[in-house]
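Chains L and C, in that order, give the protein sequences. FYI, in this note's numbering the residues of the first sequence are 517 to 833. FYI, in this note's numbering the residues of the second sequence are 552 to 871. The beta-carbon is built from N, C-alpha and C at its ideal position, and this holds for glycine as well.
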Amino acid sequence: MSGLSQAHSVVAPSTATRRIAGAIVIVYALVTLIPLLWIIATSFKTPPDSIAYPPKIVFTPSLEGYVNLFTTRTRQSPEMLAQLPPPTTWYDKLVRSRNMVIAGPSNVIPRFVNSIIIAFGSTFLAVFLGTLAAYGFSRFRVPLKDDLLFFILSTRMMPPIAVAIPIYLMYREIGLTDTKLGMILLYTAVNVSLAVWLLKGFIDEIPREYEEAAMIDGYTRLQAFRKAVLPQAATGIAATAIFCLIFAWNEYAFAVLLTSGNAQTMPPFIPFIIGEGGQDWPAVAAATTLFVIPILVFTILLRKHLLRGITFGAVRK
Amino acid sequence: MTETTTSSALPEKLAGATPEVIARPIRGLSDKAIAWFFIGPTILLLLAINIFPLIWTIWLSFTNYRANRPNAEVKMVGLDWYHRILGDGDVWLAMQTTAHFVVWTIIIETVLGFGLAWLIDKKFRGHGLWTTVILIPMMLSPAVVGNFWTFLYQPQSGLFNYAVGFLTGIDPSSFQMLGSVRLSPWAIVIVDAWMWTPYVMLICLAGLRSIPDYIYEAAEVDRASPWRQFWSITLPMALPFIMLAVLFRGIENFKMFDMVNLLTGGGPGSTTEVVSITLKRQAFESWRTGYSSALAIILFVTVFGLANIYVKALNRVKQR
């Protein structure tokens with residue numbers, strides 16, 4: 517505190533203040549980045565290296581984690597292995613060096629595809645419905661508008677497990693258990709509340725004069741919405757879509773309770789990537805790394821709108 | 552559809568009497584029809600996927616239904632489950648565990664988050680880039696985070712234990728963050744703070760940036776000390792934002808499931824069994840559907856009630 521009080525004006529902090537503040541923030545950022553970097557590093561370790569003590573910071577990189585992630589393997593006796601033809605590919609060789617042979621592909625690709633289909637499907641629906649509803653709330657006099665908006669927000673306050681109990685029963689009745697369609701509908705319902713609130717904020721900021729001018733030019737309300745409002749709202753729609761994508765991509769509670777195989781996404785799958793004698797950490801780390809990369813890209817794309825997204829549009833700036 | 556036609560009748564009549572410019576849009580679909588056409592699907596979806604299940608849950612909470620025995624006869628049990636839950640020591644224990652988790656995460660995240668925001672607001676070179684870097688943990692999947700922290704918390708080889716050992720000289724294999732009754736409630740607090748401090752930081756930063764410079768300039772003219780400026784300008788003016796962050800974190804952490812389920816699964820024993828975990832165990836492991844429905848309703852009412860009280864308090868702060 518005393519060091520910082522040298523500043524003549526808080527409006528423009530002195531160079532020293534800035535440097536100290538910067539140093540502390542950078543140290544914090546680097547320290548909190550360590551767990552994620554450690555996981556990425558672990559994905560390039562061999563299983564023995566991953567659980568070595570003391571933890572290995574310098575190690576020979578290996579792709580064993582990735583090979584293990586994408587394959588299922590069986591252990592063979594040395595005699596059996598000797599009878600087999602020599603390994604043809606680098607990954608065969610890698611697996612063979614652990615006295616194993618590749619039995620087939622693992623479930624990771626179907627799970628990844630499920631994640632992609634469910635995330636994109638629900639995002640498309642949520643943003644589509646959300647854009648229409650947000651425009652409706654923004655431009656028209658809707659009876660009980662505030663109550664409806666609060667109702668939409670309040671659906672998000674329910675604990676997912678509480679919602680999952682009747683959804684589980686309902687889906688069992690109508691045959692949506694463990695289906696991609698069921699998960700898409702569920703995630704759409706969860707995301708649409710976010711989409712409505714965010715997009716209403718974005719559309720509120722578009723001056724009504726655009727549509728009014730378009731309607732004076734002979735457009736109907738719908739045409740004006742399509743040709744004057746949507747292009748103006750494009751950035752907001754894109755930001756909202758990324759938020760919905762991230763939510764659906766990361767969601768775990770519904771996925772673990774309502775899917776078991778056919779529609780299972782990555783989050784409930786990753787913890788159950790096991791090798792011999794427990795979790796295969798390099799493979800888990802490899803899955804985590806591949807799973808997290810899209811999120812890192814999205815975070816960078818979204819950085820200007822993050823604040824708005826995480827507060828349901830309550831804080832704009 | 553009938554409503555659409557009746558409601559468009561009046562505007563149609565008016566259209567004849569209004570100037571050409573205003574009449575034209577009315578001739579398409581009426582605004583009212585468009586409004587319902589636009590808002591309707593969203594409301595319908597939420598009714599089907601949120602409200603209908605909620606009503607079903609309320610009904611189930613008055614019955615002895617068990618989801619693993621769908622063909623058994625369903626009997627109404629009245630308020631029995633509610634009675635039993637409110638007298639159930641395990642539920643109260645879970646509530647205490649949840650309260651410990653919520654209170655400590657909020658304290659740590661608010662102090663660290665506000666501190667970071669205050670430092671970032673000094674606008675050092677590269678603050679934009681570092682802000683983005685700091686935000687990364689909160690964008691990750693809580694489930695995946697919970698899962699990889701079990702790796703960092705491994706007693707022997709885990710990086711967390713090693714780092715603690717390295718810094719304090721304690722033997723890294725002498726303590727188990729997840730296996731010990733004393734430490735595991737803190738293990739989940741640490742991970743949550745790691746993940747969500749950036750969230751509080753981001754909202755606080757918006758609060759600090761919303762304070763106009765001229766207030767500080769006026770304070771400088773009055774020779775208010777930086778200490779005084781902090782307590783009578785910075786903190787009170789950022790307070791609504793801090794409270795907003797606390798509101799969101801409070802609601803989210805009261806419902807916390809993903810991260811804790813993967814990190815400890817409620818264990819060891821039930822030391823980290825927050826209410827969502829209790830709910831999952833009752834609903835999807837013991838299959839006590841009626842009981843867990845009642846618990847779900849109690850949880851929902853609690854979150855909702857707390858949020859409402861809090862929003863009122865928030866509005867009062869804003870008006871000041």
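Pairwise C-alpha distance: residue j and residue i
i        : j        : result
L:PRO787 : C:PHE781 : 46 Å
L:PHE807 : L:MET782 : 8 Å
L:LEU641 : C:THR593 : 10 Å
C:MET690 : L:ASN615 : 39 Å
L:THR604 : L:ILE790 : 26 Å
L:ASP720 : L:PRO570 : 56 Å
C:ALA757 : L:LYS820 : 12 Å
L:SER521 : C:LEU663 : No answer about L:SER521 holds up, because its pLDDT of 44 lies below 50 and its placement is not dependable.
C:PRO562 : C:ALA584 : For C:PRO562, the pLDDT reaches just 47, beneath the cut-off of 50, and the residue's location in the model is therefore unreliable, although a value from the coordinates is still provided. Roughly 11 Å between the two C-alpha positions.
C:ASN622 : C:TRP700 : 42 Å
L:ILE555 : C:LEU710 : 10 Å
C:GLY820 : C:LEU813 : 15 Å
L:LEU817 : C:THR683 : 10 Å
C:THR661 : L:PRO602 : 60 Å
L:LEU773 : L:PHE667 : 25 Å
Own chain, CB closer than 6 Å to residue i, minus 5 neighbours either side, in chain order
i        : result
C:ILE685 : PRO749
L:LEU585 : VAL624, ALA799, ALA802, ALA803
L:PHE514 : Any question about residue 514 of chain L goes unanswered here, given that chain L covers just 517 to 833.
C:GLN727 : PRO706
L:VAL708 : ALA642, LEU645, GLY646
C:PRO576 : Annotation note: pLDDT 47 at C:PRO576 (below 50); position unreliable, no value reported.
L:VAL679 : none
C:PHE805 : VAL653, VAL854
Contact check, residue i vs residue j, beta carbons under 7 Å
i        : j        : result
L:TYR768 : C:ASP809 : yes
L:VAL643 : L:THR756 : yes
C:ILE741 : C:THR823 : no
C:LEU703 : L:PRO563 : no
L:ALA764 : L:TYR703 : yes
L:GLY717 : L:PHE759 : no
C:PHE665 : L:LEU648 : no
C:LEU795 : C:VAL826 : no
L:ALA537 : C:PHE792 : no
L:PHE828 : L:ILE762 : no
L:ILE633 : L:LYS696 : yes
L:VAL541 : C:TRP681 : yes
C:TRP632 : C:GLY801 : no
C:ALA618 : C:TRP778 : no
L:ALA650 : L:VAL712 : yes
C:ILE636 : C:LEU830 : no
Contact set for residue i: own chain, Cβ-Cβ below 8 Å, skip 5 residues either direction
i        : result
L:PHE785 : ASN623, VAL624, ARG627, ALA803
C:THR785 : TRP669, LEU759, ILE762
C:VAL862 : LEU798
The ligand FMN heavy atom lying under 6 Å from the CB of residue i
i        : result
C:ALA858 : In the structure on display, the ligand FMN does not appear, and there are no ligands present to speak of.
Three-way DSSP call (helix, strand, coil) for residue i in this model
i        : result
L:ILE618 : strand
L:GLN748 : helix
C:ARG774 : coil
L:ILE786 : helix
C:MET627 : strand
L:GLU605 : Sequence inspection shows Thr at residue 605 of chain L; the Glu mentioned does not correspond to that position. The answer is coil: DSSP assigns L:THR605 none of H, G, I, E or B.
L:GLY717 : helix
L:GLN795 : strand
L:THR558 : helix
L:ARG589 : strand
L:THR576 : coil
L:MET517 : At L:MET517 the pLDDT is 41, less than 50, meaning the model places this residue with poor confidence; the figure from the coordinates comes in the next sentence. The answer is coil: DSSP assigns L:MET517 none of H, G, I, E or B.
L:THR775 : coil
C:ARG575 : Any answer about C:ARG575 is weak, because its pLDDT of 49 lies below 50 and its placement is not dependable; what the coordinates show is given next. Three-state result, C:ARG575: helix.
L:THR736 : coil
L:THR815 : helix
C:THR614 : strand
C:GLY638 : coil
C:LEU595 : helix
L:PHE644 : helix
Other residues of its chain near residue i: CB distance less than 7 Å, five sequence neighbours each side excluded
i        : result
L:SER654 : LYS716, ILE719, ASP720
Amino acids of chain A, ordered along the chain, whose beta-carbon sits closer than 8 Å to that of residue i
i        : result
C:SER843 : In the structure shown, chain A cannot be found, because the protein chains are L and C.
- Message: Quick check on the DSSP output: what are the complete beta strand (DSSP E) runs of length 3 or more inside the stretch 810-853 of chain C, in order along the chain?
- Response: none
- What runs of the alpha helix (DSSP H), each 4 residues or longer, lie entirely inside the stretch 713-761 of chain C? 735-760
- Item | Secondary structure, alpha helix (DSSP H): runs of 4+ residues fully inside the stretch 653-724 of chain C | 678-690, 693-703, 710-719
- Query: In the stretch 665-735 of chain L, which residue ranges form an unbroken alpha helix (DSSP H) of at least 4 residues, counting only runs that do not cross its ends?
  - Reply: 676-690, 696-720, 725-732
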